[in-house]
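In what follows, a structure is listed as C-alpha cells, so that the remarks can point back to it.
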Amino acid sequence: MATTNIKDDATTQAGEPVRFQAEIRQLLDILVHSLYTRREVFLRELISNASDALNRMQFEMLTNTDVVDPEVSAAIRITVDESGKRLTISDSGVGMSRTELVENLGTIARSGAQRFIENAKETGTDATDIIGRFGVGFYSVFMIADEVRVTSRSFRPDDEAACWVCAGGETFTLEASDRSHRGTVIELKLREEAAEFADAFRITQIVKQHSDYVPFPIYVGKLTDKAGEFKIANQQTALWRQPARDVKTGEYVEFFRQLTFSGGEPLLQIHYAADAPVQIYSILFVPPKASRDLFTARYESGIRLHARKILIEENCRALVPEYLRFLQGVVDCEDLPLNVARENVQSSPLLVKISRVLGRKVVDEFKKLALNDADKYLGFWNEFGIFLKEGAATDPEAATDLMELLRFRSTRVDGEVTALAEYVQRVKDDRKEIYYLLADDLRTATRSPHLDYFKRNGYEVLLLIEPVDAFLMANVREFDGHKLVNVASGEMKLPPAAAADDAVVEEALAGRDLARLIVKFKSQLGLRVADVRDTDRLSDSPVRLVDSGGAPGREVQRAMRAMDREYEQPKMVLELNARHPLLRSLVHLPEPSEILDLCVEQLFDAALLLEGLHPDPAGIVPRLQELMQAAVGKTTPAE
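Note that my numbering has the sequence shown beginning at 85, numbered continuously upward.
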C-alpha cells in the first residue's frame, strides 16, 4: 500500500498509512528503543493532556453552549484490562476532529521535537524527566505500548469522530469512527515487559504519585467493573487554596513536580493569599535551575492563571514583573471575569495589580531568606542573581528593596560575595561613596590599573564582572545615601591618601623628561587617543585609559557595546605613571628608536586589553615577539 505524506493528508483515504515528520520518527526511535528508569511518567503525560482538554472545555462553555454533550461532567476515566494487557484513558474534554488528530499527533512544532531529541542525546538526565517540557509528552506512550489507538470526537457538533492508530513505526493510519460522545479515548496495547501497567492498584499508585492535584476526578477501575465501581484515585485539591499551615513540604514538592514535569525539588516555595487590592490564591516556586529560555525575548512563562479554579492562561507572562520570569506556579484570581477573552488577558488592568502585589511579596520573601538562611540565599543568588540586578535597573518602585538583595565580588572579601549594606558597615570614616569597577571577568578586574590607588590606600572596591552590571550602574546611582562611584572615571574625586609608610617610592620623572615622553606618546598614537597626560593615581601600573571629558559614562558605553557590535567607542585619555620604572627607562632610549616605538604601542594595547576594548588581540603577538627578540639580542649565539 502506498504511503501518504502528512502534507497530502487532505486527500488521504480512511485506513491509508500516513508518514510521520522526520522529527517525530527520530523521537519515536528514541522512545521505542531506549530503556528509561521511570516509564510510569507516560500516565502523567496522558492525564496532563486530558486535564488540559477538560480545562479548555470548561473555558469554551463559559460563552458557548452549542456543544456536544453539554451536560456531561468533566472527568478522566482509566480502565484496566488485566487479562488482555490493555489500558484505556478517556476524557470528556474538547476532543479533536480528524484534521486536529493529524496536526496534534502526526506533526509537531519542529523546535519542540528537536529540543527534546538534543536533550535526550546530549544530557545525562533521564529523558522521562524532561519529555513533558517540550510539548511531546504524548509520545512517551511508546515506551510501554506496542500499539496506540486514539479515538476522538470534537465538541463542535458538525465535526465527525475519527481514529488515529500507530504501532510506533514511521507511519500512522486514520480511520473513521462512530463515536458519538465528546472527548478522547486512548487505548494502549501494552508491551510484554510493561504488563505491570495492566494492574488497577499500580495505576492508582501512579495517579496518586504524579497526578494527585489534577483538578478533575480521575476514576480508575477494571474492564469487568461496573460504572459505579470505578473509584476516584486523586484528591482533586487546589493546593493553592489551602491554608499554607496545612500543606506539608512533601506536598509542595510533588505539586511542583506535577506542574513542571520534572523530578527535582524547588529552591523555595511562596504560598500566598490576599484579599486586597485583589483577591488571589497562589503558590509560586523558585526552580532549582534557570532555564536557558529565560535569557531570550521569546521565553515561556511558567505561571498558570486561573479564575475561580478554571484555567484561563497556561503561560501567563503578565502575572509577575519581567525580572521574576524564572518563577513557576499557579495564580488563582477571584476578581477576574470568567468571560474574559484569552487574547485580552495579558492587557487586563487587574493583572497589573496582581503583578505588583506578587512582585512585592516575592521580593519580601527573598529578603527573609537572605536574613535567615545566608547559605541557601547564596545558592539562589548564584542561579538567579542576574534577574534581580535586571529588576533593580528596570523597576524604580522595587529598586531600593532589590538593591538590598544584590551581591558582588569585592577587593576586601576574597573568594566570596558581599552585600551593599555590608560594604557600608565596613566604611570606617564619614565617606558617602561606594566604589566599584566594571570588568569582563574577575582576573581582569583584580589586575586593573584603576585599583592601584585604592589598594595602596586601603579602600574597598566592588568588582562588577557580569554584563548586566553596566546596565545596572547606568540606572542606579546610590544605595542608602551612599553614591555609587566608578573608580575608572578620570574625573572622580579621590578619597584621602593613607599615611605614608616606609616603602620605597620611585622618584618621578623630571618635568622635561615627562613632557618629552608625553609628546612621544601623542605623536605616535595620534587620533587613537583623546589626550595623553600624567597621573598620580597609579602605583603598580605604568599606564591606564580613562574617559575624556564629555564622553558617556563607562556604564553607558559598556551597555551600548553589549547591545550594538558596531558601537563606536569614544576616544579615551591615556594616563602615564611618571614613577613607574618602565617609563623612567623609556626616556633614556634615543630617538628615533624601534624599541621605543614598540613599547609605546605595547603599552597602549595593554591598556586597551585591560579595558576589554582591543579590536585585534592577535595583533599584539608579533610585536611581543619583536620585543623579546630585542631583549635577548638579534645576534645568533656562538656555537
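The beta-carbon is built from N, C-alpha and C at its ideal position, and this holds for glycine as well.
I believe residue i touches residue j by the beta-carbon criterion, under 8 Å. Please report the beta-carbon distance rounded to the nearest angstrom.
i      : j      : result
GLU144 : PHE239 : 6 Å
PRO405 : ASP479 : 6 Å
VAL125 : PRO241 : That belief does not hold up - the Cβ atoms of VAL125 and PRO241 are roughly 35 Å apart, past 8 Å.
LYS169 : LEU307 : Contact doesn't hold; Cβ gap of about 11 Å is too wide.
SER236 : THR257 : That pair is no contact at about 15 Å.
LEU670 : ARG621 : That belief does not hold up - the Cβ atoms of LEU670 and ARG621 are roughly 20 Å apart, past 8 Å.
PRO350 : PRO372 : 7 Å
LEU130 : VAL225 : 7 Å
GLY413 : LEU352 : Wrong, their Cβ atoms sit about 11 Å apart, outside the cutoff.
ILE302 : GLN142 : With 8 Å as the limit, ILE302 and GLN142 do not qualify as a contact, their Cβ atoms being about 16 Å apart.
I'd like the span of the beta strand (DSSP E) that includes residue i, first residue to last.
i      : result
LEU40  : This structure does not reach residue 40, given that the chain is present from 85 up to 723, and the question cannot be answered.
MET64  : One cannot answer for residue 64 here, as it falls past the ends of the chain, which runs 85 to 723.
PRO665 : No beta strand (DSSP E) contains PRO665, which is instead part of the alpha helix (DSSP H) from 665-670.
ALA246 : 246-250
ILE367 : 364-370
PRO626 : Segment: none, PRO626 is in no beta strand (DSSP E) and carries neither H nor E.
MET731 : Because the chain spans 85 through 723 in this model, residue 731 falls outside it and cannot be assessed.
LEU548 : 546-548
GLN412 : 412-417
GLU449 : That residue, GLU449, is in no beta strand (DSSP E); its alpha helix (DSSP H) goes 433-456.
GLU517 : 517-522
VAL164 : 160-165
ALA391 : 386-391
Which residue comes first and which comes last in the alpha helix (DSSP H) that contains residue i?
i      : result
LYS604 : 595-609
GLN143 : For clarity, residue 143 is Phe in the given sequence; the question names Gln instead. Here the alpha helix (DSSP H) through PHE143 covers 125-144.
ILE228 : From DSSP, ILE228 is part of no alpha helix (DSSP H); its letter is neither H nor E.
GLN293 : 284-294
ARG612 : Element bounds for ARG612: n/a, residue is neither H nor E.
LEU274 : No alpha helix (DSSP H) contains LEU274, which is instead part of the beta strand (DSSP E) from 267-274.
ARG263 : No alpha helix (DSSP H) holds ARG263; DSSP gives it neither H nor E.
VAL186 : Note, VAL186: premise wrong, no alpha helix (DSSP H); not H, not E.
GLU710 : 704-716
Comparing alpha-carbon positions, which option in the options lies nearest residue i?
i      : options                           : result
PHE688 : LEU658, ALA702, HIS672 and ALA714 : LEU658
GLN320 : ALA328, ASP330, PRO299 and ASP309 : PRO299
VAL186 : ASP165, ASN148, CYS247 and SER174 : CYS247
ILE354 : ASN399, LEU411 and ASP330         : LEU411
LEU403 : GLN293, GLY386 and ASP448         : GLY386
ASP525 : ASP536, VAL511, ARG515 and ARG493 : ARG493
ALA523 : ARG515, ASN570 and CYS417         : ASN570
THR255 : ASP175, GLY696 and ARG103         : ARG103
ALA458 : ASN318, VAL640, ALA483 and VAL501 : VAL501
SER625 : ARG540, ASN559, LEU609 and ASP175 : ARG540
GLY633 : SER623, LYS655 and ASP648         : LYS655
ARG109 : SER135, GLU517 and CYS250         : CYS250
ASP485 : GLY463, ASP498 and LYS452         : LYS452
GLU271 : ALA260, PHE314 and LEU171         : LEU171
ARG515 : GLU276, SER573 and GLY565         : GLY565
GLU100 : GLY348, TYR461 and ALA260         : ALA260
GLN293 : GLU276, ALA311 and ALA317         : ALA317
GLU276 : ASP230, TYR223, LYS606 and ALA311 : ASP230
PHE340 : VAL291, VAL370, ARG612 and GLY179 : VAL370
ARG630 : GLU481, PRO533, GLY348 and LEU548 : A quick correction: the sequence has Val, not Arg, at residue 630. If we check each option's Cα against that of VAL630, PRO533 comes out closest.
PRO580 : TYR223, PHE538 and PHE281         : PHE538
LYS445 : PRO665, ILE364 and TYR507         : ILE364
VAL156 : ALA278, ARG266, TYR223 and GLU184 : ARG266
For residue i, which three-state DSSP category applies?
i      : result
GLN110 : helix
ASN559 : helix
GLY179 : coil
ALA197 : Its pLDDT being 48, under 50, ALA197 is placed unreliably in this model, and the value from its coordinates should be taken loosely. Residue state, collapsed to three classes: helix.
LEU403 : helix
SER236 : strand
PRO573 : Per the sequence presented here, residue 573 reads as Ser, with Pro not at that position. Coil.
PHE104 : coil
TYR336 : helix
ALA279 : helix
LEU352 : strand
HIS698 : coil
TYR303 : strand
THR619 : strand
THR478 : helix
GLU467 : helix
THR209 : With a pLDDT of 48 at THR209, under the threshold of 50, the predicted position of this residue should be treated as unreliable, though the coordinate-derived value follows. In the structure shown, THR209 sits in coil (DSSP, three-state: anything other than H, G, I, E or B).
Segment contact flag, the region 545-553 with the region 467-479, C-beta cutoff 8 Å, min 3 pairs: Touching, yes, given that three or more Cβ pairs across the two stretches are closer than 8 Å.
Any 3 or more C-beta pairs closer than 8 Å across the region 161-179 and the region 276-295: They touch, by the three-pair rule.
Stretch-stretch touch, CB-based, cutoff 8 Å, three pairs: the region 356-363 with the region 374-390: Touching, no, given that fewer than three Cβ pairs across the two stretches are closer than 8 Å.
Touch test, the region 699-716 against the region 666-686, Cβ-Cβ under 8 Å, three pairs minimum: Yes, the region 699-716 touches the region 666-686.
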